[in-house]
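Position one of the sequence shown corresponds to residue 7 (the working numbering), numbered consecutively onward.
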Amino acid sequence: MTRGGALRLVAGRELSEAFRRKAFWIVVALLFVGATAAVVVPGLVGDDDGTTTYDVAVVGDDAGATAALQAAGRALEAEVQVTPVADAAAARTQVSDEEVDLAVVPGDPAEVVVQAGEQQALLGSVRQALSAQAVTSSLEAAGLSPDEARAALDQDPARVVEVDADSASRRLASFAVSLVLYLLLVTLMVQVANGIAVEKSNRISEVLLAIVRPGSLLFGKVLGIGLTGTLTLAAAIVPVTVGLAVGGDLPDGLAGALVGGAAWFVLGLALYLTVAGAMGALVERQEEAGSVITPLTALLVGALLVSQGGPDSPLGTVLAYVPLTSPLLVPTRIAVGAASPTELVVSLVLLVAAIAVAGRVGATIYARAIVRTGRRLHLRDVLRSS
(Lines of atoms letter the chains of each structure in order from A and count residues from 1; the text may use other names and numbers.)
(Lines give C-alpha, C1' and ligand atoms only; values in the text may rest on other atoms or scores of the structure.)
Protein backbone atom coordinates (compact mmCIF):
# COMPACT_ATOMS: atom_id res chain seq x y z
CA MET A 1 0.00 0.00 0.00
CA THR A 2 1.30 3.44 -0.91
CA ARG A 3 1.90 6.05 1.78
CA GLY A 4 -0.94 8.20 0.44
CA GLY A 5 -3.32 5.26 0.44
CA ALA A 6 -2.33 4.36 4.00
CA LEU A 7 -2.92 7.93 5.17
CA ARG A 8 -6.35 7.99 3.54
CA LEU A 9 -7.24 4.64 5.08
CA VAL A 10 -6.29 5.62 8.65
CA ALA A 11 -7.68 9.16 8.38
CA GLY A 12 -10.94 7.87 6.92
CA ARG A 13 -11.28 5.44 9.82
CA GLU A 14 -10.86 8.29 12.33
CA LEU A 15 -13.39 10.48 10.52
CA SER A 16 -15.95 7.67 10.40
CA GLU A 17 -15.60 7.10 14.14
CA ALA A 18 -15.93 10.83 14.85
CA PHE A 19 -19.05 11.20 12.71
CA ARG A 20 -20.71 8.37 14.64
CA ARG A 21 -20.24 10.13 18.00
CA LYS A 22 -23.07 12.36 19.24
CA ALA A 23 -20.62 14.52 21.20
CA PHE A 24 -18.96 15.65 17.95
CA TRP A 25 -22.22 16.90 16.47
CA ILE A 26 -23.23 18.57 19.74
CA VAL A 27 -19.99 20.60 19.78
CA VAL A 28 -20.41 21.53 16.10
CA ALA A 29 -24.00 22.64 16.72
CA LEU A 30 -23.06 24.74 19.76
CA LEU A 31 -20.26 26.54 17.91
CA PHE A 32 -22.46 27.15 14.88
CA VAL A 33 -25.29 28.57 16.98
CA GLY A 34 -22.90 30.72 19.03
CA ALA A 35 -21.15 32.16 15.97
CA THR A 36 -24.47 32.78 14.23
CA ALA A 37 -25.72 34.64 17.29
CA ALA A 38 -22.56 36.78 17.32
CA VAL A 39 -23.30 37.78 13.71
CA VAL A 40 -27.06 38.29 13.93
CA VAL A 41 -27.67 39.72 17.41
CA PRO A 42 -25.63 42.97 17.03
CA GLY A 43 -27.73 43.88 13.99
CA LEU A 44 -30.95 43.32 15.90
CA VAL A 45 -30.01 45.37 18.95
CA GLY A 46 -30.96 49.03 18.68
CA ASP A 47 -33.54 51.64 19.55
CA ASP A 48 -37.07 50.38 18.87
CA ASP A 49 -38.41 53.84 17.93
CA GLY A 50 -35.62 54.54 15.44
CA THR A 51 -34.29 57.50 17.46
CA THR A 52 -30.53 57.63 17.77
CA THR A 53 -29.32 58.01 21.34
CA TYR A 54 -25.86 59.29 22.26
CA ASP A 55 -24.28 58.85 25.67
CA VAL A 56 -22.02 61.79 26.58
CA ALA A 57 -19.95 62.29 29.73
CA VAL A 58 -19.40 65.81 31.11
CA VAL A 59 -16.79 66.66 33.71
CA GLY A 60 -18.48 68.32 36.67
CA ASP A 61 -21.97 69.78 36.78
CA ASP A 62 -21.71 72.37 34.01
CA ALA A 63 -25.16 73.61 33.02
CA GLY A 64 -23.80 75.48 29.99
CA ALA A 65 -22.07 72.40 28.57
CA THR A 66 -25.18 70.32 29.20
CA ALA A 67 -27.36 72.85 27.37
CA ALA A 68 -24.90 72.90 24.45
CA LEU A 69 -25.00 69.11 24.22
CA GLN A 70 -28.79 69.08 24.19
CA ALA A 71 -28.69 71.64 21.38
CA ALA A 72 -26.24 69.45 19.47
CA GLY A 73 -28.62 66.51 19.85
CA ARG A 74 -31.55 68.52 18.52
CA ALA A 75 -29.49 69.54 15.50
CA LEU A 76 -28.92 65.86 14.73
CA GLU A 77 -32.53 64.90 15.57
CA ALA A 78 -31.11 62.61 18.23
CA GLU A 79 -31.33 62.20 21.98
CA VAL A 80 -28.29 63.05 24.11
CA GLN A 81 -28.00 61.45 27.54
CA VAL A 82 -25.54 63.35 29.74
CA THR A 83 -23.61 61.57 32.50
CA PRO A 84 -21.54 63.64 34.98
CA VAL A 85 -18.02 62.35 35.75
CA ALA A 86 -15.45 63.43 38.32
CA ASP A 87 -12.52 64.51 36.17
CA ALA A 88 -10.90 64.43 32.72
CA ALA A 89 -9.17 61.09 33.39
CA ALA A 90 -12.49 59.43 34.17
CA ALA A 91 -13.95 60.93 30.99
CA ARG A 92 -11.14 59.51 28.83
CA THR A 93 -11.51 56.10 30.47
CA GLN A 94 -15.22 55.96 29.73
CA VAL A 95 -14.60 56.85 26.09
CA SER A 96 -11.82 54.24 25.79
CA ASP A 97 -14.03 51.55 27.35
CA GLU A 98 -16.91 52.52 25.02
CA GLU A 99 -19.15 53.33 27.97
CA VAL A 100 -19.96 56.68 26.34
CA ASP A 101 -19.79 57.94 22.76
CA LEU A 102 -18.08 61.21 23.61
CA ALA A 103 -16.94 63.26 26.61
CA VAL A 104 -16.70 67.00 27.22
CA VAL A 105 -14.23 68.67 29.57
CA PRO A 106 -15.42 72.27 30.16
CA GLY A 107 -12.72 74.90 30.05
CA ASP A 108 -11.29 77.74 28.00
CA PRO A 109 -11.35 76.28 25.43
CA ALA A 110 -13.48 73.19 26.10
CA GLU A 111 -12.03 69.76 25.35
CA VAL A 112 -13.89 67.03 23.48
CA VAL A 113 -12.73 63.42 23.94
CA VAL A 114 -13.72 60.92 21.25
CA GLN A 115 -12.42 57.65 19.83
CA ALA A 116 -10.25 58.10 16.75
CA GLY A 117 -12.39 58.24 13.61
CA GLU A 118 -15.67 57.65 15.47
CA GLN A 119 -18.85 59.72 15.97
CA GLN A 120 -17.89 62.35 13.41
CA ALA A 121 -21.43 63.72 13.02
CA LEU A 122 -21.87 64.08 16.77
CA LEU A 123 -18.38 65.57 17.10
CA GLY A 124 -19.08 68.31 14.55
CA SER A 125 -22.41 69.22 16.10
CA VAL A 126 -20.97 69.30 19.63
CA ARG A 127 -18.07 71.53 18.58
CA GLN A 128 -20.47 74.02 16.99
CA ALA A 129 -22.72 73.99 20.04
CA LEU A 130 -19.80 74.50 22.44
CA SER A 131 -18.46 77.36 20.34
CA ALA A 132 -21.87 79.02 20.32
CA GLN A 133 -22.16 78.54 24.08
CA ALA A 134 -18.72 80.10 24.58
CA VAL A 135 -19.72 83.10 22.46
CA THR A 136 -22.95 83.53 24.40
CA SER A 137 -21.14 83.44 27.73
CA SER A 138 -18.62 86.02 26.55
CA LEU A 139 -21.35 88.33 25.26
CA GLU A 140 -23.24 88.14 28.53
CA ALA A 141 -20.10 88.83 30.55
CA ALA A 142 -18.99 91.65 28.24
CA GLY A 143 -22.24 93.62 28.28
CA LEU A 144 -22.66 93.34 24.48
CA SER A 145 -20.31 96.21 23.53
CA PRO A 146 -19.15 96.06 19.86
CA ASP A 147 -15.48 95.45 20.58
CA GLU A 148 -16.20 92.82 23.18
CA ALA A 149 -18.72 91.15 20.85
CA ARG A 150 -16.06 90.87 18.10
CA ALA A 151 -13.63 89.41 20.62
CA ALA A 152 -16.26 86.95 21.77
CA LEU A 153 -16.88 85.79 18.19
CA ASP A 154 -13.14 85.07 17.83
CA GLN A 155 -13.18 82.20 20.35
CA ASP A 156 -10.88 79.22 19.78
CA PRO A 157 -12.79 76.11 18.70
CA ALA A 158 -13.05 73.14 21.03
CA ARG A 159 -9.85 71.09 21.11
CA VAL A 160 -10.42 67.47 20.00
CA VAL A 161 -8.53 64.65 21.71
CA GLU A 162 -8.80 61.34 19.80
CA VAL A 163 -8.41 58.19 21.87
CA ASP A 164 -7.11 55.05 20.18
CA ALA A 165 -9.28 52.79 22.31
CA ASP A 166 -8.42 49.22 23.24
CA SER A 167 -12.10 48.51 22.88
CA ALA A 168 -14.03 46.15 25.09
CA SER A 169 -15.53 44.44 22.04
CA ARG A 170 -12.07 43.49 20.76
CA ARG A 171 -11.13 42.13 24.18
CA LEU A 172 -14.33 40.11 24.25
CA ALA A 173 -13.64 38.73 20.77
CA SER A 174 -10.10 37.72 21.75
CA PHE A 175 -11.43 36.02 24.91
CA ALA A 176 -14.01 34.01 22.96
CA VAL A 177 -11.61 32.97 20.20
CA SER A 178 -8.74 31.93 22.48
CA LEU A 179 -11.08 29.95 24.74
CA VAL A 180 -12.61 28.06 21.80
CA LEU A 181 -9.18 27.27 20.32
CA TYR A 182 -7.86 26.14 23.70
CA LEU A 183 -10.78 23.78 24.30
CA LEU A 184 -10.51 22.30 20.80
CA LEU A 185 -6.74 21.75 21.08
CA VAL A 186 -6.96 20.09 24.50
CA THR A 187 -9.92 17.92 23.52
CA LEU A 188 -8.31 16.68 20.31
CA MET A 189 -4.94 16.11 22.02
CA VAL A 190 -6.58 13.89 24.61
CA GLN A 191 -8.47 12.10 21.85
CA VAL A 192 -5.28 11.32 19.92
CA ALA A 193 -3.31 10.17 22.96
CA ASN A 194 -6.19 8.05 24.27
CA GLY A 195 -6.84 6.50 20.88
CA ILE A 196 -3.23 5.44 20.42
CA ALA A 197 -3.01 4.13 23.99
CA VAL A 198 -6.18 2.05 23.51
CA GLU A 199 -4.96 0.61 20.21
CA LYS A 200 -1.64 -0.29 21.80
CA SER A 201 -3.17 -1.94 24.88
CA ASN A 202 -5.71 -3.89 22.80
CA ARG A 203 -3.04 -4.91 20.27
CA ILE A 204 -5.07 -3.27 17.50
CA SER A 205 -1.97 -1.36 16.48
CA GLU A 206 -0.18 -4.64 15.75
CA VAL A 207 -2.90 -5.55 13.26
CA LEU A 208 -2.75 -2.11 11.66
CA LEU A 209 1.05 -2.20 11.49
CA ALA A 210 0.79 -5.32 9.38
CA ILE A 211 -0.93 -3.17 6.76
CA VAL A 212 0.62 0.29 7.10
CA ARG A 213 3.91 1.73 8.30
CA PRO A 214 4.20 3.24 11.79
CA GLY A 215 4.64 6.77 10.44
CA SER A 216 1.57 6.44 8.22
CA LEU A 217 -0.44 5.12 11.17
CA LEU A 218 0.56 8.08 13.35
CA PHE A 219 0.09 10.78 10.72
CA GLY A 220 -3.13 9.21 9.45
CA LYS A 221 -4.59 9.40 12.94
CA VAL A 222 -3.34 12.99 13.34
CA LEU A 223 -4.80 13.89 9.94
CA GLY A 224 -8.17 12.30 10.65
CA ILE A 225 -8.62 13.81 14.10
CA GLY A 226 -7.18 17.11 12.86
CA LEU A 227 -9.82 17.21 10.13
CA THR A 228 -12.55 16.74 12.71
CA GLY A 229 -11.10 19.71 14.60
CA THR A 230 -10.95 21.79 11.43
CA LEU A 231 -14.56 20.93 10.61
CA THR A 232 -15.52 21.90 14.14
CA LEU A 233 -13.79 25.28 13.76
CA ALA A 234 -15.45 25.73 10.38
CA ALA A 235 -18.79 25.63 12.17
CA ALA A 236 -17.74 28.90 13.83
CA ILE A 237 -16.03 30.47 10.79
CA VAL A 238 -18.80 29.89 8.23
CA PRO A 239 -21.39 32.16 9.93
CA VAL A 240 -18.75 34.87 10.31
CA THR A 241 -17.78 34.58 6.63
CA VAL A 242 -21.42 34.81 5.58
CA GLY A 243 -21.85 37.80 7.89
CA LEU A 244 -18.92 39.54 6.21
CA ALA A 245 -20.32 38.76 2.76
CA VAL A 246 -23.73 40.29 3.51
CA GLY A 247 -22.36 43.18 5.57
CA GLY A 248 -23.28 41.88 8.99
CA ASP A 249 -22.60 43.99 12.08
CA LEU A 250 -19.90 41.83 13.68
CA PRO A 251 -18.23 42.60 17.01
CA ASP A 252 -14.88 44.35 16.49
CA GLY A 253 -12.02 41.89 16.09
CA LEU A 254 -14.15 38.73 15.77
CA ALA A 255 -13.88 38.36 12.01
CA GLY A 256 -10.13 38.97 11.91
CA ALA A 257 -9.46 36.65 14.83
CA LEU A 258 -11.40 33.73 13.36
CA VAL A 259 -10.54 34.07 9.69
CA GLY A 260 -7.00 35.40 10.10
CA GLY A 261 -6.15 33.04 12.96
CA ALA A 262 -7.44 29.91 11.21
CA ALA A 263 -3.99 29.18 9.74
CA TRP A 264 -2.37 29.21 13.19
CA PHE A 265 -5.07 26.93 14.56
CA VAL A 266 -4.70 24.37 11.76
CA LEU A 267 -0.90 24.36 11.96
CA GLY A 268 -0.97 24.38 15.76
CA LEU A 269 -3.33 21.44 15.62
CA ALA A 270 -0.87 19.52 13.46
CA LEU A 271 1.99 20.30 15.86
CA TYR A 272 0.17 19.45 19.09
CA LEU A 273 -1.52 16.32 17.75
CA THR A 274 1.75 14.96 16.37
CA VAL A 275 3.47 15.40 19.73
CA ALA A 276 0.45 14.02 21.61
CA GLY A 277 0.35 10.97 19.35
CA ALA A 278 4.02 10.21 19.96
CA MET A 279 3.54 10.63 23.71
CA GLY A 280 0.48 8.38 23.67
CA ALA A 281 2.59 5.52 22.31
CA LEU A 282 4.71 5.57 25.48
CA VAL A 283 1.92 4.40 27.80
CA GLU A 284 0.50 0.94 28.27
CA ARG A 285 -3.05 1.79 29.38
CA GLN A 286 -5.56 4.48 28.46
CA GLU A 287 -5.62 5.71 32.06
CA GLU A 288 -1.98 6.78 31.72
CA ALA A 289 -2.48 8.82 28.55
CA GLY A 290 -3.48 11.98 30.40
CA SER A 291 -0.23 12.15 32.33
CA VAL A 292 2.04 12.13 29.26
CA ILE A 293 0.29 15.10 27.67
CA THR A 294 0.19 17.11 30.90
CA PRO A 295 3.23 19.23 29.85
CA LEU A 296 1.46 20.12 26.60
CA THR A 297 -1.71 21.03 28.47
CA ALA A 298 0.30 23.18 30.89
CA LEU A 299 1.80 25.08 27.94
CA LEU A 300 -1.65 25.69 26.53
CA VAL A 301 -2.95 26.90 29.89
CA GLY A 302 -0.05 29.35 30.14
CA ALA A 303 -0.67 30.59 26.61
CA LEU A 304 -4.37 30.96 27.37
CA LEU A 305 -3.69 33.02 30.50
CA VAL A 306 -1.37 35.37 28.60
CA SER A 307 -3.83 35.67 25.72
CA GLN A 308 -6.57 36.62 28.18
CA GLY A 309 -4.52 38.90 30.43
CA GLY A 310 -2.25 40.71 28.00
CA PRO A 311 -1.97 39.55 24.39
CA ASP A 312 -0.43 42.92 23.50
CA SER A 313 2.07 42.83 26.39
CA PRO A 314 5.83 42.22 25.88
CA LEU A 315 5.37 38.61 27.05
CA GLY A 316 2.50 38.16 24.61
CA THR A 317 4.70 39.49 21.81
CA VAL A 318 7.47 37.01 22.62
CA LEU A 319 5.11 34.03 22.95
CA ALA A 320 3.58 34.88 19.56
CA TYR A 321 6.85 33.68 18.00
CA VAL A 322 7.08 30.44 20.03
CA PRO A 323 5.54 27.58 17.97
CA LEU A 324 3.91 25.87 20.97
CA THR A 325 2.17 29.07 22.12
CA SER A 326 1.60 31.02 18.89
CA PRO A 327 -1.56 29.05 17.93
CA LEU A 328 -3.34 30.75 20.84
CA LEU A 329 -1.47 34.07 21.00
CA VAL A 330 -1.54 35.10 17.33
CA PRO A 331 -5.34 34.92 16.82
CA THR A 332 -5.91 36.97 19.99
CA ARG A 333 -3.27 39.51 18.96
CA ILE A 334 -5.04 39.81 15.61
CA ALA A 335 -8.30 40.41 17.47
CA VAL A 336 -6.90 43.31 19.51
CA GLY A 337 -4.96 44.76 16.56
CA ALA A 338 -1.51 44.12 18.06
CA ALA A 339 -0.09 41.75 15.41
CA SER A 340 2.24 43.27 12.80
CA PRO A 341 2.71 41.80 9.29
CA THR A 342 6.34 40.93 10.08
CA GLU A 343 5.29 39.12 13.24
CA LEU A 344 2.70 37.09 11.33
CA VAL A 345 5.17 35.97 8.67
CA VAL A 346 7.96 35.06 11.11
CA SER A 347 5.56 33.29 13.47
CA LEU A 348 4.10 31.26 10.61
CA VAL A 349 7.52 30.22 9.31
CA LEU A 350 8.67 29.13 12.78
CA LEU A 351 5.47 27.15 13.30
CA VAL A 352 5.87 25.30 9.99
CA ALA A 353 9.51 24.51 10.83
CA ALA A 354 8.47 23.18 14.25
CA ILE A 355 5.89 20.90 12.61
CA ALA A 356 8.58 19.44 10.34
CA VAL A 357 10.86 18.72 13.31
CA ALA A 358 8.00 17.32 15.41
CA GLY A 359 6.92 15.09 12.54
CA ARG A 360 10.35 13.53 12.13
CA VAL A 361 11.02 13.07 15.85
CA GLY A 362 7.44 12.05 16.61
CA ALA A 363 7.45 9.36 13.92
CA THR A 364 10.67 7.93 15.37
CA ILE A 365 9.28 7.84 18.91
CA TYR A 366 6.01 6.30 17.74
CA ALA A 367 7.68 3.60 15.64
CA ARG A 368 9.94 2.55 18.53
CA ALA A 369 7.34 2.74 21.30
CA ILE A 370 4.17 1.36 19.72
CA VAL A 371 5.59 -2.19 19.46
CA ARG A 372 7.01 -2.30 22.99
CA THR A 373 4.31 -3.48 25.38
CA GLY A 374 4.18 -4.66 28.97
CA ARG A 375 5.09 -1.46 30.77
CA ARG A 376 5.09 2.31 30.45
CA LEU A 377 8.09 3.63 28.57
CA HIS A 378 10.24 6.64 29.34
CA LEU A 379 10.90 9.11 26.56
CA ARG A 380 14.64 9.15 27.24
CA ASP A 381 14.89 5.36 26.90
CA VAL A 382 12.94 5.37 23.64
CA LEU A 383 15.14 8.06 22.11
CA ARG A 384 18.28 6.14 23.10
CA SER A 385 17.05 2.83 21.68
CA SER A 386 17.59 1.90 18.07
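We treat Cβ as the ideally placed atom computed from N, Cα and C, and that holds for glycine.
Here Leu108 is bridged, per DSSP, to Val62.
Beta-bridge partners assigned by DSSP to Thr89: Ala63.
In the three-state scheme derived from DSSP, where H, G and I count as helix and E and B as strand, Leu383 is classed as coil.
Ala287 carries a coil assignment under DSSP once its states are collapsed to helix, strand and coil. When the five nearest sequence neighbours on each side are left out, the beta carbons in the same chain lying within less than 6 Å of the beta carbon of Gly316 are those of Gly322, in order along the chain. Straight through space, the alpha carbons of Gly123 and Val62 are spaced by roughly 17 Å.
For Gln100, the uninterrupted alpha helix (DSSP H) run begins and ends at Ala94 to Ser102, by DSSP. Sequence-distant partners of Glu205 (beyond 5 residues in either direction) whose C-beta falls short of 6 Å from its own C-beta, in its chain, are Ser211.
Taking the CA atoms as reference points, Arg386 sits about 21 Å from Leu330. In this structure, the straight-line span from the alpha carbon of Leu302 to that of Gln87 is close to 51 Å. Leu383 counts as buried, since at least 16 other C-beta atoms from the protein chains shown sit within 10 angstroms of its C-beta. Note on geometry: alpha-carbon atoms of Gly249 and Thr238 lie some 18 Å from one another.
With a beta-carbon spacing of about 6 Å, Ala364 and Val281 fall inside the 8 Å limit used to define contacts. Under the DSSP assignment, Val342 falls outside any alpha helix (DSSP H); it carries neither an H nor an E label. Between Leu224 and Leu215, the C-beta spacing is not below 8 Å. Ser22 has its alpha-carbon roughly 18 Å from the corresponding atom of Ala199. With respect to Ala24, Val183 sits apart: the two C-beta atoms are not nearer than 8 Å. If you ignore the 5 residues before and after Gln125, its C-beta comes within less than 8 Å of the C-beta of Tyr60, Asp107 and Leu108, all in its own chain and listed in chain order. Across the set Ala17, Ala242, Gly308 and Thr379, the C-alpha of Ala17 shows the shortest separation from the C-alpha of Leu233.
For Pro320, the uninterrupted alpha helix (DSSP H) run begins and ends at Pro320 to Leu325, by DSSP. For Val377, the number of other beta carbons within 10 angstroms of its own is below 16, and it is reported as exposed. By the Cβ neighbour-count rule, Glu20 is buried, with 16 or more other Cβ atoms within 10 Å of its own.
In the three-state reduction of the DSSP assignment, Asn200 falls in the helix class.
The C-beta of Ser332 has 16 or more other C-beta atoms within 10 Å across all chains shown, which makes the residue buried. Counting every other CB atom within 10 Å of its CB across the protein chains shown gives Val213 a total below 16, marking it as exposed.
For the pair Glu293 and Val388, the Cα-to-Cα distance works out to about 20 Å. C-alpha of Gly201 to C-alpha of Pro337: approximately 29 Å in a straight line. Note that the C-beta distance between Val65 and Asp93 is below 8 Å.
By a beta-carbon distance limit of 8 Å, Ala135 does not contact Ala69. Their separation comes to about 14 Å.
Straight-line measurement puts the Cα of Leu311 at about 38 Å from the Cα of Ser391.
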